[in-house]
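Q: Attaching a single structure in structure tokens format; questions to follow.
8 protein chains.
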Amino acid sequence: MSYTLYLSGEIHTDWREQIKQGISEHDLDIEVLEPITDHDASDNIGCAILGSEQSNFWKDHKAAKINALRTNSYISRSDIVVVRFGDQYKQWNAAFDAGIATGMGIPIIVMHAPELTHPLKEIDATALAVTETPQQVVEILQYISQ
Amino acid sequence: MSYTLYLSGEIHTDWREQIKQGISEHDLDIEVLEPITDHDASDNIGCAILGSEQSNFWKDHKAAKINALRTNSYISRSDIVVVRFGDQYKQWNAAFDAGIATGMGIPIIVMHAPELTHPLKEIDATALAVTETPQQVVEILQYISQ
Amino acid sequence: MSYTLYLSGEIHTDWREQIKQGISEHDLDIEVLEPITDHDASDNIGCAILGSEQSNFWKDHKAAKINALRTNSYISRSDIVVVRFGDQYKQWNAAFDAGIATGMGIPIIVMHAPELTHPLKEIDATALAVTETPQQVVEILQYISQ
Amino acid sequence: MSYTLYLSGEIHTDWREQIKQGISEHDLDIEVLEPITDHDASDNIGCAILGSEQSNFWKDHKAAKINALRTNSYISRSDIVVVRFGDQYKQWNAAFDAGIATGMGIPIIVMHAPELTHPLKEIDATALAVTETPQQVVEILQYISQ
Amino acid sequence: MSYTLYLSGEIHTDWREQIKQGISEHDLDIEVLEPITDHDASDNIGCAILGSEQSNFWKDHKAAKINALRTNSYISRSDIVVVRFGDQYKQWNAAFDAGIATGMGIPIIVMHAPELTHPLKEIDATALAVTETPQQVVEILQYISQ
Amino acid sequence: MSYTLYLSGEIHTDWREQIKQGISEHDLDIEVLEPITDHDASDNIGCAILGSEQSNFWKDHKAAKINALRTNSYISRSDIVVVRFGDQYKQWNAAFDAGIATGMGIPIIVMHAPELTHPLKEIDATALAVTETPQQVVEILQYISQ
Amino acid sequence: MSYTLYLSGEIHTDWREQIKQGISEHDLDIEVLEPITDHDASDNIGCAILGSEQSNFWKDHKAAKINALRTNSYISRSDIVVVRFGDQYKQWNAAFDAGIATGMGIPIIVMHAPELTHPLKEIDATALAVTETPQQVVEILQYISQ
Amino acid sequence: MSYTLYLSGEIHTDWREQIKQGISEHDLDIEVLEPITDHDASDNIGCAILGSEQSNFWKDHKAAKINALRTNSYISRSDIVVVRFGDQYKQWNAAFDAGIATGMGIPIIVMHAPELTHPLKEIDATALAVTETPQQVVEILQYISQ
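Chains as they are written, first to last, in the numbering used here: chain D, 1 to 146; chain G, 1001 to 1146; chain U, 2001 to 2146; chain C, 3001 to 3146; chain Z, 4001 to 4146; chain Y, 5001 to 5146; chain E, 6001 to 6146; chain A, 7001 to 7146.
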């Protein structure tokens, strides 16, 4: 039976493509959902559609809410949420997504380099798998899909 | 009628004390819940009670789970979760708590300096109030408690 | 056994006082929750605490969210929500509260003059009692509390 | 992945048609649900099927309940509820629908003219987007569907 | 959009056939679910599969539980439950089904002769439509499906 | 730790008094909730408070809804619902209450004479105890309260 | 209408094959979900994908969590969970699955030899059918699918 | 703030007393709930109150259901469920309780000797703490209660 997977977090490397390619290569029955990963579009969408703002706070606010229409809807219909933390930026939205999934009772898989273990310990402790590479995620998906 | 408040996030300044003092001064009927804020105790509690581990990953893992017994229980019985972001450290657990509350349908108040607006935009957009100081939180509590 | 009652809607007549007086006279074990009914305070609270805004939209936005901290928390812990519609103003927030209670599975009692029957038919059809006066609400509370 | 959209509120302009046309033109994978928008049919359906009533109250009552069979079922299976407020009539049923969606945890998009901002502030504050035109709704749908 | 309908209650007249025929004639997109309506099979299925019992109590018990595997599963995935009361037998299982649907938040349509109004008042008061004939149910389905 | 008990069903014998007396004699920490058991008051309360109706249907309707304010609220906060079926009347409201409790996931204890076993088999199969006398209910309460 | 069935428990006999064959022979519209039943793969999958561990505890831990990604997801989307207990091993995971389904409100069918009745009494008492053979499960599925 | 704790599982050693004594010695604000731990009373209670049965299956069945009135009610209102596995007997009811708590989203602490790690791996992997002694449980409670 199929799974629905949401890929949350870091948008500067091609980890989503690697997971999608692995799913395709192994012909797994898995639907992949993602946020908008175009950074500029995602930042500017609020004012682009709903009109400009003088303060950056409200500009961000309007953008974040439109993105939430997609993000929260996608998380809520997922069987598993994969959250990747990279080595740059604050990435609080990734941790926030991990929390939303947890609060909804949806299991998470985390992906990050070992040096991030300590600050991610609460999220790792909740995850059903702590991975380092997209290949490991694909192997897990392959295993649970057989 | 009373509120139950959970104070999540940054543990290096006295913001929790300021909020508790404000609640006390205004004689508000508000119960305050907090995580263990002793950083060393919180980091070491897993191995201290359940036995030592060779890897830091499992040491962190055991500690984080014991802390979750308190944290998740407290968040789930709160009416409002206040989450404060400071200017140091990754603070992914604060964002994770904000997400857990959101996933459970519990409203949040965020507290942070204006320069953190952009990386916190998703959390701010979900919050029912975005504050900068403990005094503002106390004023909100005073207003909704009259 | 006691009930918790939330009194939503019109704030320009003394209907809340009449209900509270009736509860008191009949010595009913009923806890009464209410929104902030000081119109000016309620409108201005956002900017008063969190800083001024140039646009009325954001001024209203910040105020409405702080009020929601109280309102939604109170509705969610009520056994019954009483919603009164008067003869002035748009009163969309009253209808919105009636909807929130309904979406949460909390029963409502409606109070309004007969000439409002047609535009309120969807809300009346959901209510467990459609009343015209505070006295009728008190009689219902007295009956279900014996 | 597809969205299910419920279009609630004002029935005297062609805003629903404009949104549906935009969805069609951009070939978006969005299912659109609507109430019965034939005003007379909607008002009379209770007595038409279940027998006449002498009082308008019960006539309205029976009609509103049959309409609720459709409306509440449609709202509950939607990912997003769009609620439009026009410049005429009480429109309490639109605000009631917005509340029902909110009580169920379903996000809303609001559409109204700027002069309605103040009386709609509670609903706007809950919405993930406050729009003025069907085109803006279509742009949001296009953005979150890419 | 389609509805799923569960037809509960009286099994001695052809009301289910009439509703299904009406759905078919009007080409409505409605899936119809029903209990096992073969009275003897339904009474004996427990002992037939799981072995005989000396007491009628346990014979009934085993049968009722196997029927509940179907009934409760079907009720829980329905959008609307239609419950018909006839003029014979205790029919407590029909009232029980109406209660299960109500406890799950699923709306009901009731069908019964007018002389049963008084003993059915609690169920009628919960129903979104109180009908007397299968034709009325079909008309409602036709109306909400247009 | 205490239990909250709702006593639903037959109102013509003193079974509620016997259970309450047994709870009192054994000094059990059990809160007992009940419907209004004054038959005439319960039948007439709708018109008595909200105004008279020409048809018995709407008279019953208004009364049943006011009673539901108490009944459904009490059932929803109970740990156990006891439902007694007597040897007279239709008693569909008792079966309806049993269903509501079941739909909400609240366990039931049934009380009835053995000759009602067959028509009550669906309700008995759901119950955690099928009793014949108030004394048996008291013995169960005594056992689970030790 | 179709059912989704999860087959939990004992993995050393061919009971799953017998049920699937019966479903196939009777052409039942039933989707069958199962855990990974390859014992070695299931035990070693954690270290195989995520890296080796020195202690058996963490080896088991990582494997169990990856298996839970599949197991809990499958249980949560099932209409019925069948749990079989064999005559060997501790089989606590089977009892744990039965509890998870029960906690989620999903009905269970139990399958075991009569000599296990006493230690399984709590699980049997919750089950909607207590069977001894795959044939009985197939007969139940056949009956509820007609 | 206080916790409510349910102590499930093995009834042949004094581990419950040790935990309760530790709670008392450290003056922790923790309410402790337990099943009936009198083995004979627990086995015979069904027939003792509700009448004898010829088959052991139904004797066990009636007893298990009365015990479930207490057990499931207590688990559902707990913040934490402690489940202890001893070295004797099948103990499927302990694993079943762990599952029920998990299905309800209530965290568990497990207590067992290290040699039971492998057969308990699924339950351990879900637990927020895996302990071996009552003292460890008391230390955890002391830590999260400070």
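Even glycine gets a Cβ: it sits at the ideal position worked out from N, Cα and C.
Computed from a prediction, not measured in an experiment: that's the story for all the values here.
Whole-angstrom Cβ separation of Z/A4063 and Z/S4042, contact assumed at under 8 Å?
A: Walking along the fifth sequence from the start, residue 4063 of chain Z turns up at place 63. Walking along the fifth sequence from the start, residue 4042 of chain Z turns up at place 42. Their Cβ separation, rounded to whole angstroms, is 7 Å, which keeps Z/A4063 and Z/S4042 in contact under 8 Å.
Q: Apart from the five residues on each side of it in sequence, which residues of its chain come closer than 7 Å, Cβ to Cβ, to U/L2028?
A: The residue given as residue 2028 of chain U occupies position 28 in the third sequence. For U/L2028, where only same-chain residues beyond five positions count, the Cβ hits under 7 Å are L2141, Q2142, S2145.
Q: Could you pull out every unbroken alpha helix (DSSP H) segment of at least 4 residues lying fully inside the stretch 5065-5116 of chain Y, listed in chain order?
A: Those alpha helix (DSSP H) runs which fall completely within the stretch 5065-5116 of chain Y and span 4+ residues are 5092-5103.
Q: Please state whether DSSP places E/I6011 in a helix, a strand or coil.
A: Translated into positions along the seventh sequence, residue 6011 of chain E becomes position 11. Coil.
Q: Please classify D/N72 as buried or exposed, where buried requires at least 16 neighbouring CB atoms within 10 angstroms.
A: On the first sequence, position 72 is the one that residue 72 of chain D refers to. D/N72 is buried by the Cβ-count criterion.
Q: Which runs of the alpha helix (DSSP H) at least 4 residues long sit entirely within the stretch 1013-1038 of chain G? Give them in chain order.
A: Segments of the alpha helix (DSSP H) lying fully in the stretch 1013-1038 of chain G: 1015-1025.
Q: Using 10 angstroms around the beta-carbon of Y/S5008, count the other beta-carbons present and answer buried if the total reaches 16, otherwise exposed.
A: Translated into positions along the sixth sequence, residue 5008 of chain Y becomes position 8. Label assigned to Y/S5008: buried.
Q: Since Y/T5117 contacts Z/N4056 with CB under 8 Å, what's their CB separation in whole angstroms?
A: Taking the sixth sequence and counting its residues from 1, the one referred to as residue 5117 of chain Y is at position 117. Taking the fifth sequence and counting its residues from 1, the one referred to as residue 4056 of chain Z is at position 56. 6 Å between Cβ atoms; contact.
Q: When DSSP labels each residue in this structure, what does Y/R5127 get in the three-state scheme?
A: Position 127 of the sixth sequence holds residue 5127 of chain Y. The sequence as given places Ala at residue 5127 of chain Y; Arg does not occur at that position. Y/A5127: coil per DSSP, three-state reduction.
Q: Using the beta-carbon of each residue, which ones in chain E are nearer than 8 Å to Z/A4068?
A: Counting from one through the fifth sequence, the residue named residue 4068 of chain Z turns up at place 68. Those are P6107, L6128, listed as they occur along chain E.
Q: For the stretch 1025-1045 of chain G, which residues have a beta carbon sitting closer than 8 Å to at least one beta carbon of chain A?
A: Hits within the stretch, in order: E1031, L1033, I1036, A1041, I1045.
Q: Here's the rule I'm using: 16 or more other beta-carbon atoms within 10 Å means buried, otherwise exposed. How should U/A2129 be labelled?
A: Along the third sequence, read from residue 1 onward, the residue named residue 2129 of chain U stands at position 129. So U/A2129 counts as buried.
Q: Which of the three DSSP states, helix, strand or coil, is assigned to C/L3216?
A: Any question about residue 3216 of chain C goes unanswered here, given that chain C covers just 3001 to 3146.
Q: Taking the alpha-carbon positions, what's the D/L5 to Y/I5106 distance?
A: The residue given as residue 5 of chain D occupies position 5 in the first sequence. The residue given as residue 5106 of chain Y occupies position 106 in the sixth sequence. Computed Cα separation, rounded: 34 Å.
Q: Can you pull the DSSP bridge partners for A/Y7006?
A: Position 6 of the eighth sequence, counting from 1, holds the residue named residue 7006 of chain A. Beta-bridge pairing links A/Y7006 to A/L7033, A/V7081.
Q: If contact means a Cβ-Cβ distance below 9 Å, which residues of the stretch 5085-5108 of chain Y contact chain Z?
A: Hits within the stretch, in order: F5085, Y5089, K5090, Q5091, W5092, N5093, A5094, A5095, F5096, D5097, A5098, G5099, I5100, A5101, T5102, G5103, M5104, G5105, I5106.
Q: Please confirm if C/A3064 has its CB atom under 8 Å from at least one CB of chain U.
A: To locate residue 3064 of chain C, count along the fourth sequence from 1; it is residue 64. Yes, because at least one Cβ of chain U sits closer than 8 Å to the Cβ of C/A3064.
Q: Y/Q5136 by DSSP, collapsed to three states: which one?
A: The residue given as residue 5136 of chain Y occupies position 136 in the sixth sequence. Reduced to three states, the DSSP call for Y/Q5136 is helix.
Q: Suppose the cutoff is 6 Å on Cβ atoms and the five residues either side in sequence are ignored; what does the same chain contact list for A/P7035 look like?
A: Taking the eighth sequence and counting its residues from 1, the one referred to as residue 7035 of chain A is at position 35. Excluding positions up to five away in sequence, the list reads T7071.
Q: Taking C-alpha atoms, which residue in Y/V5110, Y/I5045, Y/V5138 lies nearest to Y/T5126?
A: The residue labelled residue 5126 of chain Y in the question sits at position 126 within the sixth sequence. Closest option to Y/T5126, Cα to Cα, is Y/V5110.
Q: Give the interface partners of D/I123 over in chain G, defined as CB-CB distance under 7 Å, in chain order.
A: Along the first sequence, one-based indexing puts residue 123 of chain D at 123. What D/I123 touches in chain G: W1092, F1096.
Q: Which residues in the same chain as U/T2102 place their Cβ atom closer than 6 Å to its Cβ, once the five residues preceding and following it in sequence are excluded?
A: As a first step, residue 2102 of chain U must be located in the third sequence, where it is residue number 102. Excluding sequence neighbours, U/T2102 sits near T2126.
Q: Buried or exposed: which applies to U/S2052, given that a residue is buried once 16 or more other Cβ atoms fall within 10 Å of its Cβ?
A: Within the third sequence, numbered from 1, the residue matching residue 2052 of chain U stands at position 52. Burial call: exposed.
Q: Let me confirm a value: Z/P4134 is counted as buried when at least 16 other C-beta atoms fall within 10 Å, else exposed. Which label applies?
A: For the purposes of this step, residue 4134 of chain Z is identified with residue 134 of the fifth sequence, where counting begins at 1. Buried.
Q: Check whether chain D comes within 8 Å of G/L1007, counting only Cβ atoms and requiring the distance to be less than that.
A: The residue labelled residue 1007 of chain G in the question sits at position 7 within the second sequence. No, because no Cβ of chain D sits closer than 8 Å to the Cβ of G/L1007.
Q: Can you give me the Cβ contacts of D/Q91 inside the same chain, cut-off strictly under 6 Å, excluding the 5 residues immediately before and after it?
A: Translated into the one-based positions of the first sequence, residue 91 of chain D becomes position 91. Excluding positions up to five away in sequence, the list reads F85.
Q: Hey, does E/W6012 have any beta-carbon neighbour from chain A nearer than 8 Å?
A: Counting from 1 along the seventh sequence, the entry for residue 6012 of chain E is found at position 12. Before going further, note that residue 6012 of chain E is His rather than Trp in the sequence given. For E/H6012, the answer is no, since every Cβ of chain A falls outside 8 Å of its Cβ.
Q: Are G/F1096 and D/E122 close, meaning C-beta to C-beta below 8 Å?
A: Start at 1 with the first residue of the second sequence, and residue 1096 of chain G comes out as number 96. Start at 1 with the first residue of the first sequence, and residue 122 of chain D comes out as number 122. Yes.
Q: Could you check whether C/Q3136 and D/L33 sit closer than 8 Å to each other, using their CB atoms as the reference points?
A: The sequence position of residue 33 of chain D within the first sequence is 33, counting from 1. The sequence position of residue 3136 of chain C within the fourth sequence is 136, counting from 1. Their beta carbons are not under 8 Å apart, which means D/L33 does not touch C/Q3136 by this criterion.
Q: List, in order along the chain, the chain A residues whose C-beta lies closer than 7 Å to that of Y/Y5074?
A: Reading the sixth sequence from its first residue, position 74 is the one you call residue 5074 of chain Y. Under the 7 Å cutoff, chain A gives no residues; its nearest Cβ is about 16 Å from Y/Y5074.
Q: Within the same chain, show all residues whose beta-carbon is closer than 8 Å to that of E/C6047, passing over the 5 residues directly before and after it, in chain order.
A: One-based indexing of the seventh sequence puts residue 6047 of chain E at position 47. Contacts found: E6053, K6059, K6062, A6063.
Q: Pop quiz: D/E31 and D/S2 are said to be a contact at Cβ under 8 Å. What is the actual Cβ separation, rounded to whole angstroms?
A: Counted from its first residue, the first sequence places residue 31 of chain D at position 31. Counted from its first residue, the first sequence places residue 2 of chain D at position 2. About 6 Å; that satisfies the 8 Å criterion.
Q: Expressed to the nearest angstrom, what Euclidean distance is found between the alpha-carbon atoms of A/V7138 and D/P119?
A: Counted from its first residue, the eighth sequence places residue 7138 of chain A at position 138. Counted from its first residue, the first sequence places residue 119 of chain D at position 119. Each residue's Cα considered, the two are about 28 Å apart.
Q: Hey, does D/D79 have any beta-carbon neighbour from chain G nearer than 8 Å?
A: Along the first sequence, one-based indexing puts residue 79 of chain D at 79. For D/D79, the answer is no, since every Cβ of chain G falls outside 8 Å of its Cβ.
Q: Would you mind working out which of D/D124, D/T13, D/A113, D/H26 sits nearest D/D38, comparing C-alpha positions?
A: Numbered from its first residue, the first sequence carries residue 38 of chain D at position 38. Taking only the C-alpha atoms, the option nearest D/D38 is D/T13.
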